[in-house]
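*Asks:*
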Amino acid sequence: MADLVTHLCSGLLPGALLGAPRAVWLGLGAVLPDIGARVPGLALDLLRRAGLPLPTGLDTPLSVLHMPVGIVCGAVLIGALVHPAQRGAAVRWLLAGGLLHLAVDLLQDHHGHGYFLLWPLSSWRYELGWIGSEATVFAAPILALITALAWALRWRLVGSASAASPPED
Amino acid sequence: MAAGVVLVGSAVLWSSWVAGGALHPEAEAARDGEALLSLYTVDAWHDDIATLGKGGREVAVRGLPTDLPLGVELSVTARPGQDGVWQATWFATAPGRPAKRYLGLVGLGASALLLGLGVQRRPEGWVFRG
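Residue numbers (our numbering), protein chains in the order written: chain V, 2 to 170; chain X, 12 to 141.
1. Can you tell which of V/Ala86, V/His102, V/Ser134 has its C-alpha closest to the C-alpha of leucine 85 of chain X?
2. For the stretch 64-128 of chain X, list the beta strand (DSSP E) runs that are entirely contained and at least 3 residues long, ordered along the chain.
3. With alanine 46 of chain X as the anchor, note down where its beta strand (DSSP E) starts and where it stops.
4. For glutamate 135 of chain V, return the contacting residues in chain X, with the cut-off set at a CB-CB distance below 7 Å.
5. Return the chain-ordered ranges of every alpha helix (DSSP H) run that is complete within the stretch 58-101 of chain V and spans a minimum of 4 residues.
6. Leaving out five residues on either side along the sequence, give the residues of the same chain with a beta carbon under 6 Å from the beta carbon of leucine 150 of chain V.
7. Using a Cβ-Cβ cutoff of less than 8 Å, which residues in the same chain neighbour glycine 44 of chain X once the five nearest sequence positions on both sides are dropped?
8. According to the Cβ coordinates, are leucine 5 of chain V and aspartate 46 of chain V closer than 8 Å?
9. Report the neighbours of glycine 82 of chain X on chain V: residues whose CB is nearer than 7 Å to its CB, in chain order.
10. Could you name the residues of the same chain whose beta carbon sits closer than 6 Å to that of leucine 79 of chain X, not counting the 5 residues immediately before and after it, in chain order?
11. Residues in the stretch 15-30 of chain X with C-beta within 8 Å of chain V's C-beta atoms, listed in sequence order?
12. Interface residues of chain X around histidine 8 of chain V at Cβ under 8 Å?
13. Report yes if the CB atom of glycine 118 of chain X is closer than 8 Å to the CB atom of valine 159 of chain V, and no otherwise.
14. If you follow the alpha helix (DSSP H) that arginine 42 of chain X is in, where does it begin and where does it stop?
15. Looking at chain V, which residues of the stretch 126-138 of chain X have a Cβ within less than 7 Å of any of its Cβ atoms?
16. My guess is that tryptophan 25 of chain X and threonine 61 of chain V are in contact by the Cβ rule of under 8 Å, so how many angstroms apart are they, rounded?
17. Leucine 66 of chain V to leucine 154 of chain V, Cα distance in whole Å?
18. Should threonine 112 of chain X go down as buried or exposed, given a rule of 16 or more other Cβ atoms within 10 Å for buried?
19. Would you call alanine 86 of chain V buried or exposed, if buried means 16 or more other Cβ atoms sit within 10 Å of its Cβ?
20. Measure the beta-carbon distance from leucine 118 of chain V to methionine 68 of chain V and round it to whole angstroms, keeping in mind my assumption that it falls under 8 Å.
21. Could you have a look at alanine 149 of chain X and say whether DSSP puts it in helix, strand or coil?
22. How is glycine 42 of chain V classed by DSSP in three states: helix, strand or coil?
23. Interface residues of chain X around arginine 181 of chain V at Cβ under 9 Å?
24. Less than 8 Å between the C-beta atoms of leucine 107 of chain V and tyrosine 116 of chain V, yes or no?
25. Please tell me whether leucine 114 of chain X has its Cβ less than 8 Å away from any Cβ of chain V.
26. If you reduce the DSSP assignment to three classes, tell me which class tryptophan 137 of chain X lands in.
27. Please classify alanine 90 of chain V: is it buried, with 16 or more other beta-carbons within 10 angstroms of its beta-carbon, or exposed?
28. Shorter than 8 Å from the beta carbon of arginine 126 of chain V to some beta carbon of chain X?
29. Under 8 Å, Cβ to Cβ, is there at least one residue of chain V near alanine 41 of chain X?
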């Protein structure tokens, strides 16, 4: 999987064309699959290494949040927390961000062990394998800089007051 | 509600499938002839056999360079041996992992900041500024 900075920038960089709040939903959508599915497992692993006798598999159910079914359901469930006036757009852009996340991860090579795209309908897994699994580590700082410059350019061109997006589409 | 049911149902099915051993190295090797041990850590060495650990699971593997230090993360493809020790057919260390963890923390912090700055809580629901 790619790092969180890369994923966040993959949403915020195109988001510079969209403005807030769509850019925020796209950016959050692009990081939620890893935050939901991977971060708890990493935290549990750290606690085990610190000596806590935690059973294995506690984070197993969360893996579905990194699959299309979890991304779709997650976007809908998070949308339920959003104000009704923004809910539809929030769900659409969170979903777009989540699918963008998957697209970035699919680029990577995990030696043939790809991602479960059709669960629970199938256990088929797939990856494109075009880049190494750590390739984004080197690109992340550059991507972050480009994203910051894009937003700085947006603020300069559009102005802070009107940098917000028009009412929800 | 439907989304919640689908999500929980998918998670339950996934957990059952995984608990049944579908992703265990032994099951993978039975299907494909070899298994990928992804991002395991070298926990110990006994002569030329490395004990690799991840998430509470340990696997004994032969065929790795004996100068791999303890604590190094690596991915290995291996075939199961008759004596319970796996034979490595390929391996790769993950030199970018520490940087990836650091980027993960930075990304997590930036995401929290984005959410904190971008959201107002109102009784009717969260309102995203824009």
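Ideal placement from N, C-alpha and C gives every residue a C-beta, glycine not left out.
*Replies:* Reading off the structure:
1. Here the closest residue by C-alpha is V/Ser134.
2. DSSP runs (the beta strand (DSSP E)) wholly in the stretch 64-128 of chain X: 68-73, 84-90, 97-104.
3. Counting along the chain, the beta strand (DSSP E) containing alanine 46 of chain X begins and ends at 46-57.
4. Identification of chain X residues near glutamate 135 of chain V by a Cβ-Cβ cut-off of 7 Å yields Ala105, Gly107, Lys111, ordered along the chain.
5. The qualifying runs are 69-80.
6. Around leucine 150 of chain V: no qualifying Cβ.
7. Cβ neighbours of glycine 44 of chain X within its own chain (closer than 8 Å, five residues either side excluded): Arg90.
8. Contact flag unset, no.
9. Think of a sphere of 7 Å around the beta carbon of glycine 82 of chain X: no beta carbon from chain V falls inside it, the nearest being about 10 Å out.
10. Excluding residues within five positions, the ones whose Cβ falls inside 6 Å are Val53.
11. Within the stretch 15-30 of chain X, the residues whose Cβ lies closer than 8 Å to any Cβ of chain V are, in chain order, Gly15, Val17, Leu18, Gly20, Ser21, Ala22, Val23, Leu24, Trp25, Ser26, Trp28, Val29, Ala30.
12. Think of a sphere of 8 Å around the beta carbon of histidine 8 of chain V: the chain X residues whose beta carbon falls inside it are Gly118, in chain order.
13. The Cβ atoms of glycine 118 of chain X and valine 159 of chain V do not sit closer than 8 Å to each other.
14. Looking at the DSSP string, the run of the alpha helix (DSSP H) that includes arginine 42 of chain X is 36-43.
15. Hits within the stretch, in order: Leu126, Gly129, Arg133, Glu135, Gly136, Trp137, Val138.
16. About 7 Å separates the two Cβ atoms, so the contact holds.
17. For leucine 66 of chain V and leucine 154 of chain V, the distance between alpha carbons rounds to 34 Å.
18. Rather than threonine, the amino acid found at residue 112 of chain X in this sequence is arginine. The C-beta of arginine 112 of chain X has fewer than 16 other C-beta atoms within 10 Å across all chains shown, which makes the residue exposed.
19. Exposed is the call here.
20. The Cβ separation is near 7 Å, so the contact holds.
21. Nothing about residue 149 of chain X can be reported from this structure: the residues present for chain X run from 12 to 141 only.
22. The answer is helix: DSSP assigns glycine 42 of chain V an H, G or I state.
23. With chain V represented from 2 up to 170, any question about residue 181 of chain V goes unanswered, as that position is not in the structure.
24. In contact: leucine 107 of chain V and tyrosine 116 of chain V (Cβ atoms closer than 8 Å).
25. Closer than 8 Å: yes.
26. Tryptophan 137 of chain X falls in the strand class under three-state DSSP.
27. Buried, since its Cβ has 16 or more Cβ neighbours within 10 Å.
28. Proximity of arginine 126 of chain V to chain X, defined by a Cβ-Cβ separation below 8 Å, is not satisfied.
29. Closer than 8 Å: no.
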